[in-house]
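**Student:** Chains A and B supply the protein sequences, listed in that same order. Position one of the first sequence corresponds to residue 26 (my numbering), numbered consecutively onward. Position one of the second sequence corresponds to residue 26 (my numbering), numbered consecutively onward. Glycine included, C-beta positions come from ideal geometry on N, C-alpha and C. Okay, handing you the structure first.
2 protein chains.
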Amino acid sequence: MITNTNPAEGMRDLSPKEVELRNYVTGIITESYKKFGFAQIDTPCVERINFLTSGDGGDNEKMLFKILKRGDKLNLSEASKEQDLVDLGLRYDLTVPLCRFYANNRTKLPQHFKVIQVGSVWRAERPQKGRYRQFTQCDIDIIGTSGVIAEIQLILATAAALQQLSFTNFTVRINDRRVLESFAAYCGFEESSFGKVFVILDKLDKIGIDGVQNELQKSGFPDSSVNKFIEIVKEAANTKLTVETIAKLLPNIPENVLSDLKQVIETISGQSNNLYSIKLDLSLVRGMGYYTGQIFEIGIDGFGSSIAGGGRYDKMIGKILNGKEDIPACGFSIGFERVVAILEERQFKVSNLSNKVALLYDSDLLSFDFLLSEAQRIRNEGAVVSIELHNKKNTKKQLDNLTEQGFTAFGIYHNGMLVVLKDLQSKI
Amino acid sequence: MITNTNPAEGMRDLSPKEVELRNYVTGIITESYKKFGFAQIDTPCVERINFLTSGDGGDNEKMLFKILKRGDKLNLSEASKEQDLVDLGLRYDLTVPLCRFYANNRTKLPQHFKVIQVGSVWRAERPQKGRYRQFTQCDIDIIGTSGVIAEIQLILATAAALQQLSFTNFTVRINDRRVLESFAAYCGFEESSFGKVFVILDKLDKIGIDGVQNELQKSGFPDSSVNKFIEIVKEAANTKLTVETIAKLLPNIPENVLSDLKQVIETISGQSNNLYSIKLDLSLVRGMGYYTGQIFEIGIDGFGSSIAGGGRYDKMIGKILNGKEDIPACGFSIGFERVVAILEERQFKVSNLSNKVALLYDSDLLSFDFLLSEAQRIRNEGAVVSIELHNKKNTKKQLDNLTEQGFTAFGIYHNGMLVVLKDLQSKI
């Protein structure tokens, strides 16, 4: 006897209603991506441990679920540290496995590889409301394309998928890691401290501009750099930021970075039919250190965190392959769990095209032949048909429960005949 | 730099073609099951370790991937055995998690719960051709129904799903654990050795009747029991086995067991329209010890192992709940990986309803606006449209590669116009 039948800590069971919505959302997203020429692949949930602890995962590597070695490989008495005990781990994102997949298969793959991934990932985060240790990610990536047509296609495909899910009026925020680097350099920060400066800037939404200033000061950066930095953050917040205005604020941004941003912003604006917008955001950082170029995020009004995020990461695959060559790569990930949570909040209902018919039978029924044949006949006309034992003591309660499960028509099998209880006549 | 970019041992990457087929198969199976009134749930891939080592998993428990404790819970210096180090594991099947799910949620669930599960499971088997350490299972179960209408619905729904996948002329083999128990008792084996006898009988397909006799003798069972047992196995193999003939061979089978078998066999025969058959098989054992009643398996000609298997397990949920009450439960699982392997062997092609159009552009293109608008226009008419950089040095090779990826129509964007390369005119 097991007393605790809850799912493991931070994990969750999903009810039929939840699975239906989730399957609907992944279906819409993948269909929408496929329309743009992306193809779906899959990688194992389990990867070798050295691959998941190479540093590319940032903080996610600290939340790794590690898998114990098995059989002869496990030598408990001689193990002195964690690394001696484990050889595998559960993936914490889909980008790191994708890079391994590409490195392993690239001779067989198209030169410009447009790829969809939908799958579970695991992070041993501190359990909290709405955050789970197993969750689904939906990513698209384009590998092998260095030009901004990659960014443009990713943004268009992601925006199209979100529109299919009835999200409207959202804003794509865009920035470039090289803009951030120019920004930090312009203010006189040393290159070795850029990462730390960006991590603090990334908190702007949460701690406000004074908070950012405080943290920068506490970190021991020169006052002159901090003041210049904060002044520009303020100015950017008070200006309608465009490629032109940002070039004036930060005259050291390379020309090609500006023209690429300009092209993406103008092209997306032109293609969006004013159903969504795109804007430059100097404070957009994106957490992962592996980004090398443009970065983007999609937020919707009234919902704090973003529902999609991504960017260019040209160094990551090369690092796996041979440490020399760059392989251009760019990705965009929909925050699947957030999208589902918002749809649930909005009481979104998955529309079912099929009628759902319940046929009730008596417990003393001797032969199921006629009942089953009738069920199949109705099924062949396109309906869902479920055979259900009749609860004679409380037919009303049973029909209420079945209605709750989505059944819309009911029949009872009695004296060798199907008798209509409710709505059945109109449905069959 | 990581030199080994293969998936972890025994795991595999799945190409777009493989994912497409797998998604098609799970789609067909779940749609088919839903038509019979089953509803899909999902449980986490990770379960608490005590739950995965309770004994119900049989040999699968030996192949468990165990997950290392994290943070303060892990005390490496004081750990003297494996159990001290791990708190979680990867599920090795979907039945054990289902029982936990039911035990945890039963007040909210229908009295007769018809449930679909599709998901990955993990077993650290010795790597071998065609066997992977992560694989997909597709299960249906009916919980709360004690009568054979449960078995009948499971068999009909599974047969319907297989037919939808163009499997025909398959045979459902059926037996009952209580028939096997009567059989062993009739031959004079002691009840405590029934399990061992069944394990040996289960090898009949592989080692033949002489092999079974040998193993029984080597196990030290009395000659009289072994001889009687083998004689009946031979007689059963040479007879057209029916409920009537088996009752003559083994007069100690309880009446209700026989009448239940008779009803299932006759009902399924009547419903199958001669598209598949059902037959009693005295040598059918099914590996798992948790079965308590009827058991069944589906095989197809020319493919050794079965493509579906299941049975009744009335004790398992009660054991989790309180150790007293039985909760009737019965399940049928399609061998998803085998089904996919057979379809691949048959070179089954997923039919795509959408046209797939590739629009090629020059690397010196300055504005993507017109190209993207044209792409969207064609997409709005239902086609998949991919923007592809034109490989001017070898257009033929590029079109061949795109054709290989499933593209059927091609256009090239040139001097501000879409020029037809191949088949495009007829598709847009």
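My parser needs the beta strand (DSSP E) runs of 3 or more residues fully inside the stretch 164-217 of chain A; what are they?
**Tutor:** Correct list: 196-201.
**Student:** Let me check one thing: in DSSP terms, what residues is B:ILE437 bridge-paired to?
**Tutor:** Answer is B:LEU385 and B:VAL444.
**Student:** Under 8 angstroms between beta-carbons, which chain B residues line up against A:ARG402? List them in chain order, please.
**Tutor:** Neighbours of A:ARG402 on chain B: none; closest Cβ ~12 angstroms, over 8 angstroms.
**Student:** Can you confirm whether B:GLU490, when its beta carbon is compared against all beta carbons of chain A, has any partner nearer than 8 angstroms?
**Tutor:** Nothing about residue 490 of chain B can be reported from this structure: the residues present for chain B run from 26 to 453 only.
**Student:** Residues of chain A with CB closer than 9 angstroms to the CB of B:GLU72, please, in chain order.
**Tutor:** Here the neighbours are PRO32, ALA33 and MET36.
**Student:** Beta-carbon separation of B:ILE92 and B:VAL71 under 8 angstroms?
**Tutor:** Cβ distance < 8 angstroms, so B:ILE92 and B:VAL71 count as in contact.
**Student:** Measuring CA to CA, which of A:GLY441, A:ILE345 and A:TYR211 is closest to A:ILE257?
**Tutor:** Of the candidates A:GLY441, A:ILE345 and A:TYR211, the one whose C-alpha sits nearest the C-alpha of A:ILE257 is A:TYR211.
**Student:** Comparing alpha-carbon positions, which option in A:PHE192, A:LEU123 and A:ALA262 lies nearest A:ILE165?
**Tutor:** Ranking A:PHE192, A:LEU123 and A:ALA262 by Cα distance to A:ILE165 puts A:LEU123 first.
**Student:** Let's test the definition: count the other Cβ atoms within 10 Å of the Cβ of B:PRO276 and tell me whether it reaches 16, buried, or not, exposed.
**Tutor:** With fewer than 16 other Cβ atoms within 10 Å, it is exposed.
**Student:** Quick one: is A:HIS137 near chain B, going by C-beta distance under 8 angstroms?
**Tutor:** It does; some Cβ of chain B falls within 8 angstroms.
**Student:** With hydrogens ignored, establish whether the beta-carbon of B:LEU89 is closer than 7 angstroms to any heavy atom of the ligand FAD.
**Tutor:** No copy of the ligand FAD occurs in the structure displayed, which carries no ligand at all.
**Student:** For A:SER244 and chain B, any beta-carbon pair shorter than 8 angstroms?
**Tutor:** Judged by the 8 angstroms Cβ criterion, A:SER244 is not in contact with chain B.
**Student:** Is the stretch 142-161 of chain A touching the stretch 74-94 of chain A, taking contact as three or more C-beta pairs under 8 angstroms?
**Tutor:** Yes, the stretch 142-161 of chain A touches the stretch 74-94 of chain A.
**Student:** Identify the residues that DSSP records as bridge partners of B:VAL410: which are they?
**Tutor:** In DSSP, B:VAL410 forms a bridge with B:VAL382.
**Student:** Based on Cα-Cα distance, which residue from A:ASN405, A:GLN423, A:VAL382 and A:GLU429 lies nearest to A:LEU443?
**Tutor:** The candidate whose alpha carbon is nearest that of A:LEU443 is A:VAL382.
**Student:** Identify, in the order they occur along the chain, each residue of the same chain with its Cβ nearer than 6 angstroms to the Cβ of A:LEU385, setting aside the five sequence neighbours on each side.
**Tutor:** So the qualifying residues of the chain are GLU413, HIS415 and ILE437.
**Student:** For A:THR68 and chain B, any beta-carbon pair shorter than 8 angstroms?
**Tutor:** Yes, because at least one Cβ of chain B sits closer than 8 angstroms to the Cβ of A:THR68.
**Student:** Can the beta-carbon of A:LEU226 be found closer than 8 angstroms to that of A:SER102?
**Tutor:** No, they are not a contact pair.
**Student:** Looking only at its own chain, which residues have a Cβ that is under 6 angstroms from the Cβ of B:ILE293, when we skip the five neighbours before and after it?
**Tutor:** ILE180 and ILE303.
**Student:** CA-CA distance, B:ASP285 and A:GLY441?
**Tutor:** Answer to the nearest angstrom: the Cα atoms are 21 angstroms apart.
**Student:** Any idea if B:GLY220 is buried or exposed, counting beta-carbon neighbours within 10 angstroms, 16 or more meaning buried?
**Tutor:** B:GLY220 should be labelled exposed.
**Student:** Out of A:LEU346, A:ASN405 and A:SER392, state which residue places its alpha-carbon closest to the alpha-carbon of A:THR132.
**Tutor:** Minimum Cα distance to A:THR132 is reached at A:LEU346.
**Student:** At what residues does the beta strand (DSSP E) containing B:LYS60 begin and finish?
**Tutor:** Taken as a continuous stretch (DSSP letters only), B:LYS60 belongs to no beta strand (DSSP E), being part of the alpha helix (DSSP H) at 41-60.
**Student:** In the DSSP output, which residue or residues are listed as bridge partners for A:LYS139?
**Tutor:** In DSSP, A:LYS139 forms a bridge with A:ILE167.
**Student:** Between the stretch 180-200 of chain B and chain A, which residues of the former have CB atoms less than 9 angstroms from a CB of the latter, in chain order?
**Tutor:** Hits within the stretch, in order: LEU181 and ALA185.
**Student:** Tell me where the alpha helix (DSSP H) around A:PHE219 begins and ends.
**Tutor:** Element bounds for A:PHE219: 219-226.
**Student:** For B:ILE74, report the span of its alpha helix (DSSP H) as first-last.
**Tutor:** Where B:ILE74 is concerned, the enclosing alpha helix (DSSP H) stretches over 74-77.
**Student:** So is B:LEU119 in contact with chain A if we call contact Cβ pairs under 8 angstroms?
**Tutor:** Chain A contact via Cβ: absent.
**Student:** Looking only at DSSP bridge pairs, what is B:VAL111 linked to?
**Tutor:** Partner(s): B:LEU93.
**Student:** Quick check: the stretch 310-326 of chain A against the stretch 334-341 of chain A, are there 3 or more CB pairs under 8 angstroms?
**Tutor:** The stretch 310-326 of chain A is in contact with the stretch 334-341 of chain A.
**Student:** Let me check understanding here. Comparing Cα to Cα, which of A:LYS154, A:PRO41, A:ASP84 and A:LYS60 lies closest to A:GLU362?
**Tutor:** The option with the nearest alpha carbon to A:GLU362 is A:LYS154.
**Student:** Is the CB-CB distance between A:PHE126 and A:THR68 below 8 angstroms?
**Tutor:** Cβ distance < 8 angstroms, so A:PHE126 and A:THR68 count as in contact.
**Student:** What would DSSP say about A:PHE393, mapped onto helix, strand or coil?
**Tutor:** Coil at A:PHE393, not helix or strand.
**Student:** Write down the C-beta distance between A:ASN129 and B:THR30 rounded to the nearest angstrom, noting that I regard them as a contact closer than 8 angstroms.
**Tutor:** Contact flag correct, Cβ pair sits at about 4 angstroms.
**Student:** Take the Cβ of B:ILE200 as the centre, count every other Cβ of all protein chains shown within 10 Å, and call the residue buried at 16 or more, exposed below.
**Tutor:** The sequence shown places Asn at residue 200 of chain B, rather than the Ile named in the question. Result: buried.
**Student:** When we look at the beta-carbon of B:LEU113 and count the other beta-carbons within 10 Å, is it buried (16 or more) or exposed?
**Tutor:** Result: buried.
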